[in-house]
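Written out below as structure tokens is the structure these notes cover.
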């Protein structure tokens with residue numbers, strides 16, 4: 001299971017990186033979103049999966065699965081949501097200002 | 001305690017002044033600032049009897065005890081002399097500036113900077129800790145920078161400020177390294193302890209480097225050759241600042257440091273040679289160049305450089321007592337050190353008066369170019385008197401204090417000639433010659449200063465304004481100073497007893513008693529060589545002054561492009577060009593390049609270390625079992641991911657991203673993480689909606705017209721990053737060098753009173769993390785709000801960064 005998961009994560013990282021390197025701002029944002037998916041799965045996977053029950057005391061007798069990676073990921077999901085929404089608005093703003101969604105065109109005059 | 005308060009008080013008032021500026025519309029804010037130095041001066045005066053009896057006041061305030069950082073201040077003879085100079089001159093200069101600067105200027109800034117400087121300078125002379133000394137030392141550079149650039153709308157002011165900052169701060173950093181070396185050798189950051197321990201470290205390999213670095217700091221600060229070039233440019237500052245910082249106090253910080261550390265380094269003979277020779281070169285070069293100046297302030301600047309050279313070389317000569325070791329026969333060399341301290345105070349009095357005099361002339365006539373001045377004697381009799389006394393004292397003419405210290409300077413130089421330093425007699429015998437020639441030039445520029453400004457015809461004066469004597473208030477300070485010039489000539493031994501003798505004990509500790517170290521100063525000591533030298537200076541000086549037009553040409557022999565200033569400018573331009581070139585090389589403005597840097601770092605450093613440490617590991621045996629529906633989910637995710645790359649429209653891409661997100665949440669369910677699954681579902685839905693919302697305003701994707709090789713590079717980077725993540729994860733998966741800490745949280749119910757472990761971690765164990773997470777969300781929210789609300793700018797303002 002873990003081996004397969006890591007391979008999927010690898011695919012996600014490749015796609016995310018490729019998207020990050022493109023010109024279009026929406027593709028770059030999608031890249032960041034994908035990279036967060038990959039990392040969330042990664043944190044969970046390398047903590048070893050399916051080793052116990054849902055970490056709810058009193059509901060199940062245990063042993064429980066590792067709760068610490070879950071707490072970390074919960075924080076990470078919320079933060080990556082904040083960042084994604086911010087850069088989305090930034091993209092809208094940049095487009096309104098510069099009339100382009102091409103990052104190469106946003107470099108400014110001296111580099112053109 | 002007095003030392004602490006002396007450092008803190010100006011600092012506090014410096015912050016009060018800008019606040020009360022607006023409240024005091026009518027009063028000149030300088031009157032408030034004036035209180036500080038007067039109070040401190042009087043408070044310090046009360047300590048003179050005890051300090052003169054050899055008592056040392058010490059006070060320690062523990063700052064960071066674990067790092068051995070304490071703030072120890074102490075008041076001994078040397079710091080007393082400097083502190084009185086700083087507060088006394090400070091009071092006179094502030095009084096003068098009240099009449100010099102009009103209410104229209106940014107006075108609150110001016111006095112704020114000036115008081116910060118006072119704090120810094122008092123900190124330098126009172127600190128016993130090397131690092132604190134360094135801190136205050138740099139603070140003087142910063143406040144000097146701010147004061148030179150006070151009229152920052154002028155380009156010359158900004159340039160002068162930058163130049164002084166660059167030179168003194170580079171020296172300061174060198175000095176810091178020197179301090180660290182001293183602390184390493186002696187194991188102590190306390191200056192006094194280091195002085196006690198240092199003699200045992202004479203053979204340490206760090207000794208000479210430490211000495212050179214510390215001297216670099218002192219020489220840059222005290223405008224010694226070849227670092228003197230910043231001082232003439234610093235004359236762009238308002239005249240009170242020039243009088244205070246750039247002649248009386250800040251430039252003497254280097255003198256202070258050399259005096260303070262003489263007992264530390266002088267046991268090695270190279271200290272004597274370096275300090276003496278640099279001082280003499282500075283003295284000669286400064287006086288030689290002062291003669292050719294046409295701007296009165298520039299003339300005074302070069303004269304200050306020259307006088308600082310005199311004091312520096314005297315300190316060097318005095319350090320011979322350490323080379324020979326103390327004995328009744330060698331104690332005579334300390335008289336040079338005495339002359340240094342004496343001349344230090346003399347210079348502050350006459351040069352302060354002269355600067356203020358130039359300020360008055362500039363203020364009343366509107367020019368300080370000697371080609372446009374002349375005949376002011378009858379118009380400004382008081383100013384003329386001040387100028388006369390100041391210049392004659394500077395030239396070393398009797399009845400003024402400068403004569404006494406100049407004679408002692410000659411005497412010291414002659415005595416050095418006879419010193420028995422093996423195989424260097426030729427070098428030593430040239431010293432009195434340099435001293436004498438330098439003094440001749442000093443005499444010439446003093447004459448120029450008087451004759452060109454106050455004698456001759458009035459024809460050249462500007463006609464557009466009526467010139468009259470300065471207001472009384474402006475004359476008070478220079479008048480006090482010239483009175484001191486005269487008094488110090490008649491009762492030098494009184495000043496010696498209470499100011500210089502205690503300071504001598506700090507300069508030459510463990511050598512002799514206060515009485516042995518104090519020479520008797522006499523104005524008349526028979527027709528000896530020093531007096532004959534003075535007479536010769538006057539005669540030759542007058543002749544050379546008369547013949548000045550004939551030999552002026554020698555100043556043009558050195559081509560313009562080889563002068564130190566031009567070399568400095570060229571160097572600075574080169575550094576700026578190289579810096580700009582290097583920065584442009586990698587700061588391309590392309591986000592793709594920046595992301596590539598990040599990935600390359602990850603691949604090269606992390607991947608490189610991974611391969612080097614040979615930590616590859618792969619083990620499938622401990623894997624959890626896998627079900628058929630899990631395999632199909634994985635297949636869906638891989639297909640979705642690859643399809644995103646090929647998506648023709650942005651809508652497809654976002655929907656596919658949604659598929660991935662929901663896939664992730666299903667995995668969370670499978671991996672027994674219900675909280676994550678719920679959050680992921682909500683967040684994924686909102687994100688997708690956000691994307692769609694954004695599409696209303698953004699254009700449809702165009703086909704990427706990326707060149708093929710760029711695509712290949714992107715592919716290569718993406719693949720290597722992916723592969724690296726995969727092999728790293730394999731290696732980490734069953735890594736068991738450390739025990740897992742997760743077991744701790746299974747006690748959640750007892751420790752935090754919650755049954756949901758994930759919840760207790762977020763809300764209790766790691767509550768601070770969660771709080772900061774909320775802060776991040778809040779910041780993002782504010783960012784989103786402002787970006788939406790801000791009206792788009794119609795057109796970019798032109799030249800906004802010029």
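Residue numbers (full-length UniProt numbering), protein chains in the order written: chain W, 1 to 112; chain X, 1 to 802. Glycine is no exception: its CB is placed at the ideal position from the N, C-alpha and C atoms. Here the structure is a predicted model, which means the values were calculated and not measured.
Nearest neighbour of residue i, chosen from the options [CA to CA]
i: residue 803 of chain X; options: X:253, X:518, X:441; result: Residue coverage of chain X in this structure runs from 1 to 802, which leaves residue 803 of chain X outside it and unanswerable.
i: residue 338 of chain X; options: X:492, X:366, X:448, X:548; result: X:492
i: residue 460 of chain X; options: X:405, X:548, X:368, X:505; result: X:368
i: residue 405 of chain X; options: X:384, X:512, X:531; result: X:531
i: residue 767 of chain X; options: X:752, X:116, X:781; result: X:752
i: residue 95 of chain X; options: X:34, X:558, X:494; result: X:34
i: residue 70 of chain X; options: X:59, X:80, X:79, X:78; result: X:59
i: residue 451 of chain X; options: X:378, X:470, X:501; result: X:378
i: residue 37 of chain X; options: X:12, X:49, X:27; result: X:12
i: residue 148 of chain X; options: X:131, X:55, X:245, X:587; result: X:245
i: residue 832 of chain X; options: X:158, X:236, X:103, X:516; result: This structure does not reach residue 832 of chain X, given that chain X is present from 1 up to 802, and the question cannot be answered.
i: residue 600 of chain X; options: X:370, X:331, X:720; result: X:720
i: residue 257 of chain X; options: X:214, X:725, X:292; result: X:214
i: residue 336 of chain X; options: X:300, X:398, X:414, X:286; result: X:414
i: residue 276 of chain X; options: X:236, X:295, X:249, X:319; result: X:319
i: residue 56 of chain X; options: X:80, X:249, X:512; result: X:80
i: residue 50 of chain W; options: X:747, X:763, X:671; result: X:671
i: residue 534 of chain X; options: X:430, X:580, X:3, X:394; result: X:394
Residue burial classification, residue i (beta-carbon count within 10 angstroms, cutoff 16)
i: residue 705 of chain X; result: exposed
i: residue 411 of chain X; result: buried
i: residue 15 of chain X; result: exposed
i: residue 112 of chain W; result: The predicted model places residue 112 of chain W with a pLDDT of 41, which falls under 50 and marks its position as unreliable; any figure quoted below should be read in that light. So residue 112 of chain W counts as exposed.
i: residue 361 of chain X; result: buried
i: residue 129 of chain X; result: buried
i: residue 200 of chain X; result: exposed
i: residue 575 of chain X; result: exposed
i: residue 557 of chain X; result: exposed
i: residue 608 of chain X; result: exposed
i: residue 76 of chain X; result: buried
i: residue 578 of chain X; result: exposed
i: residue 7 of chain X; result: buried
i: residue 95 of chain W; result: buried
i: residue 288 of chain X; result: buried
i: residue 618 of chain X; result: exposed
i: residue 662 of chain X; result: buried
i: residue 426 of chain X; result: exposed
i: residue 183 of chain X; result: buried
i: residue 70 of chain W; result: buried
Under 7 Å between C-beta atoms of residue i and residue j
i: residue 164 of chain X; j: residue 52 of chain X; result: no
i: residue 103 of chain W; j: residue 591 of chain X; result: yes
i: residue 440 of chain X; j: residue 541 of chain X; result: yes
i: residue 783 of chain X; j: residue 86 of chain W; result: yes
i: residue 623 of chain X; j: residue 48 of chain W; result: no
i: residue 216 of chain X; j: residue 181 of chain X; result: no
i: residue 33 of chain W; j: residue 84 of chain W; result: yes
i: residue 83 of chain X; j: residue 125 of chain X; result: yes
Spatial neighbours of residue i in its chain, beta-carbon cut-off 7 Å, leaving aside the 5 residues before and after
i: residue 797 of chain X; result: Low confidence applies to residue 797 of chain X: its pLDDT is 49, below 50, so where it sits in the model is not reliable, and the reading given next is rough at best. If we look at residue 797 of chain X and ignore the five residues flanking it on each side, it has no Cβ neighbours.
i: residue 98 of chain W; result: 106
i: residue 800 of chain X; result: Since pLDDT at residue 800 of chain X reaches only 41, below the 50 mark, its modelled position is unreliable, and the value read off the structure follows with that caveat. Nothing listed; no residue qualifies.
i: residue 202 of chain X; result: 267, 268
Contact set for residue i: own chain, Cβ-Cβ below 8 Å, skip 5 residues either direction
i: residue 791 of chain X; result: none
Own chain residues within Cβ distance below 6 Å of residue i, not counting five before or after
i: residue 118 of chain X; result: 10, 90
i: residue 62 of chain X; result: 70
i: residue 802 of chain X; result: For residue 802 of chain X, the pLDDT reaches just 36, beneath the cut-off of 50, and the residue's location in the model is therefore unreliable, leaving the point undetermined.
i: residue 806 of chain X; result: For residue 806 of chain X there is no data in the structure shown, the boundaries of chain X being 1 and 802.
i: residue 788 of chain X; result: none
i: residue 565 of chain X; result: 229
Handout entry: Secondary structure, alpha helix (DSSP H): runs of 4+ residues fully inside the segment 591-652 of chain X
Key = List check, alpha helix (DSSP H) in window: 591-601, 608-613, 628-646.
Practice task
Note down, one range per segment and in chain order, each alpha helix (DSSP H) of at least 4 residues found wholly within the segment 193-258 of chain X.
Solution key: Listed in chain order, the alpha helix (DSSP H) runs fully inside the segment 193-258 of chain X are 207-221, 230-233, 239-243, counting runs of at least 4 residues.
Exercise for the section: May I have a chain-ordered list of the alpha helix (DSSP H) segments no shorter than 4 residues that lie completely inside the segment 125-156 of chain X? Expected result: As far as the segment 125-156 of chain X is concerned, its whole alpha helix (DSSP H) runs of at least 4 residues are 130-148.
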